[in-house]
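**Student:** Using the UniProt record's numbering, the letters of the sequence shown correspond one by one to residues 1 to 447.
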Amino acid sequence: MKKKDLHAENQLSTTNEGDTNTNFSQLEKDKIIERQLRFQDLLISISTKHINSDLSDIDKLIRASLKQIGEFVESDRSYIFSYDFVNNTTSNTYEWCSEGIEPEIENLQNVPIDFIPQWIEAHKKGEPFFVEDVSALPEDGEHGLRAVLEPQGIQSLITIPKIKNNELIGFIGFDSVKKINKYDDNEKDILFVYANMLVNVIQRKESEERIKAQEKKKEELLKNLSLQNEELSEYAHVVSHDLKAPLINIHTLVSWFIDDNKEALGEDTIQPLHQALFNVEKMNFLIKGILDYSTIDKIESEDKQVDFNVLVEEVLETILVPSHIKISVQENLPSLYGNTWRFKQVFQNLIQNAINYGKEEQGTVEVGYTDKGDHYEFFVKDNGIGIKAAYFERIFKIFTKLESTGSSSGIGLSIVKRIIKYYNGSIWLESEEGVGTTFYFTLMKTA
1 MKKKDLHAEN
11 QLSTTNEGDT
21 NTNFSQLEKD
31 KIIERQLRFQ
41 DLLISISTKH
51 INSDLSDIDK
61 LIRASLKQIG
71 EFVESDRSYI
81 FSYDFVNNTT
91 SNTYEWCSEG
101 IEPEIENLQN
111 VPIDFIPQWI
121 EAHKKGEPFF
131 VEDVSALPED
141 GEHGLRAVLE
151 PQGIQSLITI
161 PKIKNNELIG
171 FIGFDSVKKI
181 NKYDDNEKDI
191 LFVYANMLVN
201 VIQRKESEER
211 IKAQEKKKEE
221 LLKNLSLQNE
231 ELSEYAHVVS
241 HDLKAPLINI
251 HTLVSWFIDD
261 NKEALGEDTI
271 QPLHQALFNV
281 EKMNFLIKGI
291 LDYSTIDKIE
301 SEDKQVDFNV
311 LVEEVLETIL
321 VPSHIKISVQ
331 ENLPSLYGNT
341 WRFKQVFQNL
351 IQNAINYGKE
361 EQGTVEVGYT
371 DKGDHYEFFV
381 KDNGIGIKAA
391 YFERIFKIFT
401 KLESTGSSSG
411 IGLSIVKRII
421 KYYNGSIWLE
431 SEEGVGTTFY
441 FTLMKTA
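1) I'd like to know whether the C-beta atoms of V306 and F343 end up nearer to each other than 8 Å.
2) Does the region 54-64 come close enough to the region 190-205 that 3 or more CB-CB pairs lie under 8 Å?
3) Taking all protein chains shown into account, do 16 or more other C-beta atoms lie within 10 angstroms of the C-beta of D41, making it buried, or fewer, making it exposed?
4) Thinking C-beta only, is F396 closer than 8 Å to F439?
5) How many angstroms separate the CA atom of Y357 from the CA atom of Q214?
6) Can you give me the Cβ contacts of G386 inside the same chain, cut-off strictly under 7 Å, excluding the 5 residues immediately before and after it?
7) Between N88 and the rest of its own chain, which residues show a CB-CB distance below 8 Å, the 5 nearest in sequence each way excluded?
8) Given the structure, does K205 come close to the ligand NAP, in the sense that its CB is under 7 Å from one of the ligand's heavy atoms?
9) Strictly by DSSP, which residues pair up with Y440?
10) Output the distance between the C-alpha atoms of G153 and K223, rounded to the nearest integer angstrom.
11) Output the distance between the C-alpha atoms of Y423 and M444, rounded to the nearest integer angstrom.
12) To the nearest angstrom, report how far apart I319 and H274 are at their CA atoms.
13) State the beta-bridge partners of I80 as determined by DSSP.
14) Which one of G100, F72, S98, N110 has the shortest CA to CA distance from F81?
15) Starting from G366, follow the beta strand (DSSP E) in both directions and report where the run begins and ends.
16) State the DSSP-derived secondary structure class of I327, mapped to helix, strand or coil.
17) Whole angstroms are fine: how far does the CA of F441 sit from the CA of I427?
18) Which partner residues does Q305 have in the DSSP bridge list?
19) Just to confirm my understanding: we take K67, look at its own chain, exclude 5 residues before and 5 after, and list those with CB closer than 6 Å. What are they?
20) Kindly list the residues whose CB is nearer than 6 Å to the CB of H324, restricted to its own chain and excluding five residues on each side of it in sequence; keep chain order.
21) Rounded to the nearest angstrom, what separates K162 and E142 at their Cα positions?
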């Protein structure tokens with residue numbers, strides 16, 4: 001062969017070898033890219049399952065994802081640890097092992113973090129801790145890193161820190177037992193994504209468990225409150241009955257004594273007895289008020305459509321109206337669905353209050369309403385002594401009275417406000433001293 005032909009052949013051979021190397025390099029790159037895409041798809045699939053999962057499935061899904069990621073990176077054991085920097089320990093909380101690999105979760109509880117200073121330091125910096133070959137680690141004593149890892153049969157491992165709100169809370173790890181394993185930078189980055197996803201999942205689990213515990217506690221509190229309310233209601237009934245019986249006896253005996261000895265006793269002697277009767281009546285009103293107030297939201301009678309024209313007329317028949325008070329009621333009052341007793345309590349207390357504080361001569365009380373679309377606005381108006389602005393809110397509080405005279409219990413307006421609130425309405429007043437007072441309250445047209 002000629003020298004020229006030989007040179008040409010060598011050139012061709014070199015060119016073909018270069019092409020082969022180029023093709024091989026491209027194939028390797030393609031494989032790496034394809035692997036990264038599959039890894040990303042796996043994370044997307046795991047993330048979607050976690051997002052759509054129920055609280056009761058989260059533990060199961062975390063273990064399943066450890067298996068999927070562990071198998072993908074060709075590890076033999078994958079796990080999650082939590083750090084406890086108060087007690088300076090770390091504990092294994094989740095673990096997956098491939099077939100034939102011994103679980104270590106029971107042996108890795110409350111492990112002193114002094115045993116693993118190297119990866120604690122890396123994790124605090126937000127970096128992974130990677131050991132490619134455990135057998136290459138230095139012999140650093142009974143509690144050194146090599147002494148911790150070798151009994152578990154670990155040849156290679158990588159641990160990725162779990163960080164929540166800039167705080168190190170734990171790590172995920174992957175052990176290779178059957179062979180030495182390597183992780184490139186892209187795989188490490190994807191494992192960081194998985195670690196962050198687990199932080200979010202576990203945080204969601206903790207939040208839902210906290211909410212669930214709060215709801216349970218709330219239910220227990222409501223149950224206890226309901227029981228206490230029932231007990232208080234029963235107590236109020238018993239006490240009112242036990243108190244009213246002796247009051248009736250006292251009132252009857254004093255009245256009989258006055259009637260039988262009216263002529264023999266002088267006015268100075270009889271007056272204290274009349275005062276005693278007055279206080280007995282006052283006490284009776286107080287007991288009745290407490291009983292009414294305590295039973296507002298416990299009435300068991302059926303609700304029905306109530307005609308307010310009939311209701312107000314019945315209320316007026318039960319009230320003693322002085323001759324100097326004139327009461328006018330607007331015609332065609334509406335009908336509303338609700339409890340007759342509650343509605344009667346509202347009008348009875350407001351009308352009685354208007355009478356009590358009306359003018360001593362030519363007093364007037366007006367009852368009416370205005371249609372406000374989705375609700376009615378009722379009013380009870382008088383031309384009495386009026387109320388100071390400072391008392392506008394206070395008078396609705398139980399046992400509050402404008403005057404200490406009279407037998408009023410100071411509970412009537414408290415009962416009214418509680419009933420209106422029960423029906424999701426509102427109550428307020430407008431008043432001017434020496435001119436009069438108007439109480440307004442609203443009731444929805446539909447319950």
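Ideal placement from N, C-alpha and C gives every residue a C-beta, glycine not left out.
A quick note: this is a predicted structure, and the numbers were derived from the prediction, not measured.
**Tutor:** In this structure, then:
1) Result yes, Cβ atoms of V306 and F343 sit closer than 8 Å.
2) Two segments are said to touch when three or more pairs of C-beta atoms, one from each, lie closer than 8 Å; by this definition the region 190-205 touches the region 54-64.
3) By the neighbour-count criterion, in which 16 or more other beta carbons inside 10 Å mark a residue as buried, D41 falls on the exposed side.
4) The answer is no: Cβ separation not under 8 Å.
5) Cα-Cα distance, rounded: 49 Å.
6) Excluding sequence neighbours, G386 sits near S431, E432, E433, G434, V435, G436, T437.
7) Take N88, set aside five residues on each side of it, and the residues of its chain with a beta-carbon closer than 8 Å to its own are P112, I113, D114, in chain order.
8) In terms of ligand content, the structure shown is empty, and the ligand NAP therefore cannot be addressed.
9) Per the DSSP secondary-structure output, Y440 pairs in a beta bridge with F379, W428.
10) Going by C-alpha positions, G153 is about 55 Å away from K223.
11) So the alpha carbons of these two residues sit roughly 8 Å apart.
12) The C-alpha of I319 lies about 23 Å from the C-alpha of H274.
13) BP columns for I80 point to Y94, I172.
14) Distances from the CA of F81 to each of G100, F72, S98, N110 were compared; the closest alpha carbon is that of N110.
15) The sequence as given places Glu at residue 366; Gly does not occur at that position. Element bounds for E366: 363-371.
16) I327 falls in the strand class under three-state DSSP.
17) Their backbone Cα atoms lie some 4 Å apart in a straight line.
18) Q305 is bridged to Y337.
19) Annotation for K67: W96 place their beta carbon closer than 6 Å to its own, counting only its chain and skipping 5 residues before and after.
20) E361, G363, listed in sequence order.
21) Between K162 and E142, the alpha-carbon positions lie close to 28 Å from each other.
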